[in-house]
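Numbered per the numbering used here, the sequence shown spans residues -8 to 238. C-beta: ideal position from N, C-alpha, C; glycine also. In this text the structure is predicted, and so the values were computed from the model without any measurement. First the structure, in the form of structure tokens, and then the observations on it.
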Amino acid sequence: MELILLGTSAAYPTVKRASSGYLVRDGKTSILIDMGSGVIRNLMRWMDPLALDVIIISHLHQDHFVDVYPLYYYLAYHESGKFPINVYAPAEAREFILQIFPPGSGSKFDSTFSFHPLVDQDTFEIGDFGCQSIAVKHNMPTFGQRISQGGHVVSYSSDTTFSEALFDVADGSDVFICEATKKEDYKDVMHLTARQAGMVASKAGVKKLVLTHIWPDFDPDYQKRAAAEQYSGPIIIAEDNMQIDIG
Ligand SMILES: [Zn+2]
């Protein structure tokens, strides 16, 4: 399987980075995790969005889902796809996302997307992939992800402050995509520092750490050094359209 980073910025996109988005695929099945602003443009560089099998939305902060709206219109104008696309998301996602559509749009929306609730520790299969959601600790219901195939695992922290659940999310991963959004001196921010990301990667025994959800004003080299104080494995600063092969 391969991982393609489609959006690596926090909060808002920049010239070089879309907001959150990660594509995991194996040549038969394509799973998109999160869909922040700019992700649909990057996705189109790699594949036709019509061929997506599943979208997983980790939580309902705008920088993780708003490109569902342009995707909806893309799908509406290309009706040859395999609809509805399954969307795994927090339980309230359908009603929340549907709010900005005109009244009466529900049936068309439901024929385009089929929503399934994410539940802590739940597992489900998509093609030859196994998927697991693990609740993490953020300002709203939020789920880290583990995508596995043939003994290989890609894991994703989503947005989270530190919690023991992160060790379960990251456990033994080939690649751990971890947010590193918080500066050391920030208080009351429900995010991780790069140092914490490194600590989790180290204790969870991951093989490669990808630091993402990069705050636009941060110095990525500083972030990398901070994570390296805790984790001795390879550390990658996420960049949009970076491709990582995994087993
Ligand atoms: Zn968030």
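By the Cβ criterion, the segment 142 to 149 is not in contact with the segment 76 to 95, since fewer than three pairs of Cβ atoms, one from each stretch, lie closer than 8 Å.
The beta carbon of Phe87 lies closer than 6 Å to those of Leu51 in the same chain, with the five residues before and after it left out. Ala67 is classed as exposed because its beta carbon has fewer than 16 other beta carbons within 10 Å across all chains shown.
In this structure, ligand 1 has no non-hydrogen atom nearer than 6 Å to the beta-carbon of His204. The alpha-carbon separation between Ile228 and Ser71 amounts to approximately 37 Å. Residue pairing by DSSP places Gly135 opposite Ile125 in a beta bridge. For Glu86, the uninterrupted alpha helix (DSSP H) run begins and ends at Ala84 to Leu89, by DSSP. Each residue's CA atom was taken as its position, placing Gly12 and Gln90 some 22 Å apart. Of all C-beta pairs linking the segment 17 to 35 to the segment 97 to 116, fewer than three are shorter than 8 Å, placing the two stretches out of contact. For Ala156, same chain residues with a beta-carbon under 6 Å away, outside a window of 5 residues either side, are Ile125 and Val127 in chain order.
For Ile31, the enclosing alpha helix (DSSP H) begins and ends at Val30 to Trp37. When the Cα atoms are used, Thr133 and Asp150 turn out to be separated by approximately 7 Å.
Ala219 is positioned such that its CB atom lies no closer than 7 Å to that of Ala195.
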